[in-house]
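Numbering (my numbering), first residue to last: 1 to 104.
Virtual Cβ for every residue (Gly too), placed ideally from N, Cα, C.
Only a predicted model underlies this, so the values are computations on that prediction, with no experimental measurement involved.
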């Protein structure tokens, strides 16, 4: 990969994820840049979708099996990403430490 392609590939991976979650585009962007696991899921999704698109060009005997395999992978990744997006919205509330002295 040439250095000039790195940024465009990076954006292409992000855009792939954004198309699946248009209502959560900003959250997708934030997680893409700050959460390594989510970033990896985005990369995997882009690769799986590319493989799915290329499966149409495979020989007849292999095409349907590969199409189903890659479609299932895309679905699984989308589910995992949906869960990650939902988890990122959860705010953990903690009680402040007890600063009052204990009564005897």
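(message) Under 8 Å: does the beta carbon of residue 42 sit that close to some heavy atom of the ligand ZN?
(response) In the structure on display, the ligand ZN does not appear, and there are no ligands present to speak of.
(request) Can you tell me which of 45, 70, 46 puts its alpha carbon nearest to the alpha carbon of residue 56? (result) Sorting 45, 70, 46 by C-alpha distance to the C-alpha of residue 56 places 70 at the top.
(request) Determine the contact status of residue 84 and residue 14, defining contact as a CB-CB distance below 9 Å. (result) No Cβ-Cβ contact shorter than 9 Å links residue 84 with residue 14.
(message) Between the region 72–79 and the region 32–48, can you find at least three pairs of beta-carbon atoms closer than 8 Å?
(response) Taking a cut-off of 8 Å for Cβ pairs, the region 32–48 and the region 72–79 touch, as three or more such pairs fall below it.
(request) Use the C-beta contact count for residue 17: other C-beta atoms within 10 angstroms, 16 or more gives buried, fewer gives exposed. (result) Per the 10 Å Cβ criterion, buried.
(request) Express the C-alpha separation of residue 61 and residue 88 in angstroms, rounding to a whole number. (result) Distance between the alpha carbons of residue 88 and residue 61 is about 42 Å.
(request) Please state whether DSSP places residue 13 in a helix, a strand or coil. (result) Shown here, residue 13 sits in a helix according to DSSP, grouped into three states.
(request) Report the residue ranges of all alpha helix (DSSP H) runs contained in full by the region 33–74; include only those spanning at least 4 residues, in chain order. (result) Within the region 33–74, the complete alpha helix (DSSP H) segments of 4 residues or longer fall at 36–55, listed in chain order.
(request) Could you tell me the distance, in whole angstroms, from the CA atom of residue 42 to the CA atom of residue 29? (result) Residue 42 and residue 29 have their C-alpha atoms roughly 10 Å apart.
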